[in-house]
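Going down the list, the protein sequences come from chains A and B. For the first sequence, this note's numbering begins at 7 and goes up steadily by one. For the second sequence, this note's numbering begins at 7 and goes up steadily by one. Built from N, CA and C at the ideal position, the CB exists for glycine as well.
There are 2 protein chains.
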Amino acid sequence: MANKALLFDVDGTLVDSTYVHVECWWAAFIECGIAVPRVEIHRRIGMDGALLVRELLATFGGDHVDAAGAAGLANQISALHGRYYSADAVRLRPLPGARELLRAGREAGYTVVLATASSPEEFDIARDVLGCDEEVSAVTTGDDVHRAKPDSSVVDLAVRRAGVAPSDAIMIGDATWDAIAAGKAGVPSIAVRTGGIGEAELRGAGYTRIVEGVDVLWREIVASGAIST
Amino acid sequence: MANKALLFDVDGTLVDSTYVHVECWWAAFIECGIAVPRVEIHRRIGMDGALLVRELLATFGGDHVDAAGAAGLANQISALHGRYYSADAVRLRPLPGARELLRAGREAGYTVVLATASSPEEFDIARDVLGCDEEVSAVTTGDDVHRAKPDSSVVDLAVRRAGVAPSDAIMIGDATWDAIAAGKAGVPSIAVRTGGIGEAELRGAGYTRIVEGVDVLWREIVASGAIST
Chain A
7 MANKALLFDV DGTLVDSTYV HVECWWAAFI ECGIAVPRVE IHRRIGMDGA LLVRELLATF
67 GGDHVDAAGA AGLANQISAL HGRYYSADAV RLRPLPGARE LLRAGREAGY TVVLATASSP
127 EEFDIARDVL GCDEEVSAVT TGDDVHRAKP DSSVVDLAVR RAGVAPSDAI MIGDATWDAI
187 AAGKAGVPSI AVRTGGIGEA ELRGAGYTRI VEGVDVLWRE IVASGAIST
Chain B
7 MANKALLFDV DGTLVDSTYV HVECWWAAFI ECGIAVPRVE IHRRIGMDGA LLVRELLATF
67 GGDHVDAAGA AGLANQISAL HGRYYSADAV RLRPLPGARE LLRAGREAGY TVVLATASSP
127 EEFDIARDVL GCDEEVSAVT TGDDVHRAKP DSSVVDLAVR RAGVAPSDAI MIGDATWDAI
187 AAGKAGVPSI AVRTGGIGEA ELRGAGYTRI VEGVDVLWRE IVASGAIST
């Protein structure tokens, strides 16, 4: 086959980390005196962390935020989230079929890219959980791009590192942000439901296909002919 | 107005507990050697706890479950969940507008019922978090019924305790199970999105209206004329 690439979001797609992230962000906000309904965090998991904090502070920050203090508070919340998430690393597991899909993709000749914008520290945690370095041709992390999803930078870079045309790549993600970023980059996208986002929301974000999880994804890709092997 | 009742689910509707329950169930399964994708737990939050455990064991239990040992294992997982949830009680907060809605409902002449099937221990935790006993006319807990949602027993009982006809009550919940149970009981239902379940799933379960959370619910009920004041 021609050179084709599978670009994988990591959190919620390959690693069961979405709900852990929700609790860690929640605890970080609480530590700063701000109670945020968890569903509001959940919907923003997978978007740029700085943007997540900014949006939630604007809505729920109340008296805790003034123009001068907002940036410092945002940095503090992000640092706390990072600390709590590292401490909760023992609670992470690969999602069913994640390792098998990476291996099957590589063996079928796809260039496999992990296209995340999480911090290098968080990415190292996910990488340890997956234990699949030998299947992966390239990675991106938050250190590689100025803005994370829904900006297209991560997907643009992943496509370049894969060395393929955008239309020869496919983005696999669990959040609305993955599809929005992929759409801007001209990359088709497939959603998995393992991040807990509803089907209508995923479809509205631009995913062309939606499956339950990566355990059924390989079969679906092949069956659909979305990428021919 | 005629005697009318508001029946409230508690977890995820009035108290921000859904995501805490997910993590506690996850930890209980892991303690027994069984990794369950968190989204599979999330979708079952609010259903009967014994049914939740049975369904997840059947799908993910693998070698851990044989016919003889399943009941004992299920009891062990439920007990662990209860212990972890009690320990995590400090992580619970009322959802925005929950207290205000209970008060507004009572002051407008509605009979306010908390219609949960959680254990008395878990209900006591939620009650402490809410601190709204004076607004509430009646409650149900898991001790009152043999089967929790999606069975209609909880809603049937809540309607009886409210002393109204089913069509003069309205069930307010965040999970698909609340609408299914209410539908069987002949009670109309309104969904809040704070449990993190997608709009299409909520609508498919039979909710007639869907709003973001209880903070906008009172206005919506009055505006819609779903229950006239």
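Asked	Found
Residues within the segment 77-102 of chain A neighbouring chain B, beta-carbon criterion of under 7 Å	Arg99, Leu101, Pro102
Residues bridged to Met177/A [DSSP beta-bridge criterion]	Leu13/A, Ser195/A
8 Å Cβ cut-off: residues of chain B touching Val28/A	Tyr25
Contact check, Leu13/B vs Gly111/B, beta carbons under 8 Å	no
Limits of the beta strand (DSSP E) - the one that Arg215/A falls within	215-217
Integer Cβ distance of Ala185/B from Leu163/B, believed to fall under 8 Å	Ala185/B to Leu163/B, Cβ: 17 Å. No contact.
Counterpart residues of Thr146/B in DSSP-defined beta bridges	Ala121/B
Beta-carbon spacing of Gly169/A, Thr122/A below 8 Å	no
Chain A contacts made by the segment 176-204 of chain B, where a contact means CB separation under 8 Å	Arg199, Thr200, Gly201, Gly202, Ile203, Gly204
Beta-carbon spacing of Leu107/B, Val16/B below 8 Å	no
Partners in chain A for Ala41/B, counting only beta-carbon separations shorter than 7 Å	Arg99
Bridge partner(s) assigned by DSSP for Pro100/B	Val21/B
Minimum Cβ-Cβ distance from Gly219/A to chain B less than 8 Å	yes
C-beta neighbour in chain B for Glu37/A, strict 8 Å	no
Per-residue DSSP class, three states only, for Ile83/A	helix
Given Val96/A as reference, the closest of Val21/A, Glu205/A, Ile47/A once Cα atoms are compared	Val21/A
Under 9 Å from the C-beta of His152/A: neighbouring residues of chain B	Simply none; closest approach about 30 Å.
Contact check, Val161/A vs Tyr25/B, beta carbons under 8 Å	no
Secondary structure of Ile51/A, DSSP reduced to three states	strand
The segment 77-92 of chain B touching the segment 194-211 of chain B, judged by at least three CB pairs closer than 8 Å	no
Proximity of Ala191/A and Pro172/A at Cβ, strictly below 8 Å	yes
Cβ pair Glu46/A, Leu62/A closer than 8 Å	yes
Residue burial classification, His48/B (beta-carbon count within 10 angstroms, cutoff 16)	buried
Interface residues of chain A facing Asp69/B [CB-CB closer than 7 Å]	Near Asp69/B there are no residues of chain A at all, since even the closest Cβ is about 15 Å away, more than 7 Å.
Cβ separation of Ile83/B and Phe66/B, assumed to be a contact under 8 Å, to the nearest whole Å	Actually they are not in contact, since the Cβ atoms of Ile83/B and Phe66/B sit about 11 Å apart, beyond 8 Å.
CB contact below 8 Å: Val59/B versus chain A	no
Interface residues of chain A facing Asp22/B [CB-CB closer than 7 Å]	Pro43, Arg44
Simplified DSSP state of Asp38/B, which is helix, strand or coil	Inspection of the sequence shows that residue 38/B is occupied by Cys rather than by Asp. Cys38/B falls in the coil class under three-state DSSP.
Neighbour flag for Glu207/A against chain B, beta carbons, 8 Å	yes
Residue span of the alpha helix (DSSP H) that contains Ile131/A, given as start and end	126-136
Val151/A - DSSP class collapsed to helix/strand/coil	coil
Arg50/B, buried or exposed, once every other Cβ within 10 Å from all chains shown has been counted against 16	buried
CA-to-CA distance, His70/B to Arg225/A, given in whole angstroms	27 Å
Three-state secondary structure assigned by DSSP to Ser158/B	coil
Residue of Asp54/B, Asp221/B, Ala64/B, Glu128/B minimising C-alpha distance to Thr182/B	Asp54/B
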